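So our numbering is basically just the index in the sequence shown, starting at one, shifted up by 383.
Comments concern the structure below.
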Amino acid sequence: MLIQLLLVSTGGYWYLQRRKQRTIQHKLEPIARKEESTRRSATSFSTVHLLEDIKNALLVDGRQQLQMSLDPKLRESIEEEHRKKRRIFLFSSGAIGLALLSSVYPSFFVLGSMGAIYLSRHLLQLLREDFKGGRYLTVPLIATVSMAGLIITGHLVLATAMGLLGSFFAAILARVENKSNEQLTQVFTGHADNVWVLKDDVEIQISFHDIQPNDIIVVNSGEVIPVDGVVHSGMGEVDQHILTGESQPIEKLVGAPVFASTLLLSGSLLIQVETSGELTVAAKIGQILNQTQSYSKTLMVRGRELANRYVPVTLGISAFTFFVLGSQPALAVTWAALGATMEGLGPLSILSYLQILSQNAILVKDGRIFESLRQVDTVVFDKTGTLTLEQPTVGNIHVIDGFDTISVLRYAAAAEYRQPHPTAKAIQAKAIEEQLDLPGLDDASYEVGYGIKAKIDKKVIRVGSARFLEREGIELPETVRTIQLQAERDSYSLIYVAIGQQLAGILEMQPTLRPEAKRVVRYLKQRGIELYIISGDHEAPTRNMAKILDIEHYVAETLPENKATLVKQLREEGRFVCFIGDGINDAIALKSAQVSVSLKGASSAATDTAQIIFMDGTLSRLEQLFQLVDEFEGTMEKNMAISMIPGIITISGVYLLRFCVATGMGLFYSGMIAGVGNALWPLVKHQNTTANQQGERHD
């Protein structure tokens, strides 16, 4: 039976490796084909689909595809990893062949023994690490004793089978504990490789790394500002919420400070460089990140600790059996290995759930969150960009001197037609909601700066900021001041609309609450989780957001470093904190929390720091994430039972039924196979659900 198991395992591993190599060069095509196939079979059980899920779980295809969508350069390192695996597979095949030959030709015994030891090299490495760390009674020790006993007693084929299957589980464990995600991408990688510098009234393109202090950098609408500096000339509107948490764009005039990694929404700026590269504010936040304590290394040892707890028991019973029944029964008892499979079944269960999560647009970069997420009793939300959408909503429309709201909105939407920035989209959405027929532009030319100037219905329409209208010679009446003060208190931005040379109206641009936010908050409260909102925004809008969502605790006007301070204070109170954010200013807090969640649309620092990323850019997956983690805990409890029962049967059988080594080994691997089945069962359970969701996304 064991020889058959060995051959089947070898053949299966070879098939999976060959298949993976054929598809690695065309990863995007298999994704599309897979989505189409899951749509066709969404309501029926598909064996082919199940096998594909199992292969992806073992080889982490789904996670690699998502990671490559974040970092295409990852493809090269993955291909190198596959080439290394092919070389290892060839050596392993040779070792298996020598072991099989030695069972027929004893002269191959020495070479076969060396092959078995080669296949078990991971055991020796683990044993060495344990001894260096002062840990002596561990699972690698009992496994090494079993391996040595098999070789000494001539059970070379069994020793080879043990080495091969052990290597298989060691590879799975290595994947889960992979350290690659600990390397943070530099927070200033959002800029272009080259920038335009103004020298002697001529724009010259230079490398980003060649920027010097006092250089004049040219930044146009839609570009990321690459440096810290001050505005030398020009005017523009800058979105800097990823750095400061401010929900509304900030007007920048001559002399105003600007920061790297912020986005110029409109206008054009000439910026005098003060600092660049690692000296910018954004980069300094990244340096603080690297100094912040990481809590992701303290978990993922529960399975190993549970297994090691029973090692003295197993060795003690084996030693007693040696004196009572002899060496062969004692060797059989070592295969009881009470709880030993937990070291492999835990990671395998994690891989299964990672596969399910990745198919549901949830990328988990650290498998150890399965250990920590169930302990969360406090969730801290960043407000801007996490609880709110990028695109604002048109609120009140204030009309001036007899103009009506319909005319103001109609002309504003017509002027902003086809403009790409969020404010323009919000105005257009409001016009669509009101079912307005927009007039066409008499003159297709318009000026983009601090606002838009267009000719509509033979009238000059200006839409933009108060400063833009003042520059155009349009006076603002005294009544506008009251509107401005209230908007400032509420953190609403104002868009002014002028018809001809007269101010016609003012549009309030209010933050848009994510449609799923109330449902997510309600679910978290049902779990008994305490909720906080933290924001760099003003007191009033933060308080209003907390009231709308029925969240009791909120903190406003918070600097980036103070967000992390709040998280640490909550932890010192004994709370287990999950922080959900999206900006560079959230990255320190993300790193400080025990569990961190971000969205794919977030800044690069938040994306690289967070342990969990919602790839669909919404909070809708948070409820599903908690449910799957609860389910994972149940799977782990079953794994524990499965890891104990075969060992108990083996020990009883040695004394009552005179079990031999092969029987003990057979029971051990039977239990392991049962454990693998339990670990992979979630792929079967969630198969149709996942297929339906993928079909909906495809549609």
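Glycine included, every Cβ here is placed at the ideal spot set by N, Cα and C.
These numbers come from a predicted model, not from an experiment.
query	result
Assigned exposure category for Ala702 - 16 Cβ within 10 Å defines buried	exposed
Rounded separation between Glu940 and Ala1062 - CA only	46 Å
DSSP state of Gln655 mapped onto helix, strand, coil	strand
Interface flag, Leu636 vs chain C, CB-CB below 7 Å	Absence of chain C from the displayed structure is noted, only one protein chain being present.
Every unbroken beta strand (DSSP E) within the stretch 703-786, with a cutoff of 3 residues, ordered by chain	745-747, 761-765, 776-782
C-alpha distance - Pro1065 paired with Thr895, whole-angstrom precision	37 Å
Exposure label - Ala814; buried when at least 16 CB within 10 Å	buried
Simplified DSSP state of Lys838, which is helix, strand or coil	strand
Nearest-angstrom beta carbon gap, Met928 and Val777 [assumed within contact, 8 Å]	Rounded, the Cβ-Cβ distance is 18 Å, inconsistent with contact.
Start and end residues, alpha helix (DSSP H) containing Met928	922-932
Minimum C-alpha distance to Val614 - residue among Gln588, Ile589, Ala643	Ala643
According to DSSP, residues forming a beta bridge with Asp622	Leu646
Selected residue, minimal CA-CA separation from Glu871, among Ile839, Asp920, Val843, Ile916	Asp920
Residue from Ile963, Ile931, Gly729, Gly532 whose Cα sits closest to the Cα of Gly1058	Gly729
Strand pairing of Ala881, partner residues [DSSP]	Arg845, Leu886
Val610 to Asp576 span [Cα, whole Å]	13 Å
Distance between beta carbons of Lys766 and Ser918, contact taken as under 8 Å	4 Å
Cβ neighbour criterion (16 or more within 10 Å) applied to Leu868	exposed
Entirely enclosed alpha helix (DSSP H) segments - the stretch 791-830, minimum 4 residues	805-816
Residues of its chain near Ile1056, where Cβ-Cβ distance is below 6 Å and the 5 sequence neighbours each way are ignored	none
Residues bridged to Asn603 (per DSSP)	Ser651
Environment of Gln1070 [buried if 16+ CB atoms lie within 10 Å]	buried
Ser975 to Leu1008 span [Cα, whole Å]	21 Å
Gln893 - DSSP class collapsed to helix/strand/coil	strand
Uninterrupted alpha helix (DSSP H) stretches inside the stretch 930-985 (no shorter than 4 residues)	943-955, 970-975
C-alpha distance - Glu419 paired with Tyr693, whole-angstrom precision	For Glu419, the pLDDT reaches just 40, beneath the cut-off of 50, and the residue's location in the model is therefore unreliable, leaving the point undetermined.
Best match in Ser1026, Met1023, Thr1046 for proximity to Thr1033 [C-alpha to C-alpha]	Thr1046
Spatial neighbours of Leu819 in its chain, beta-carbon cut-off 6 Å, leaving aside the 5 residues before and after	Arg793
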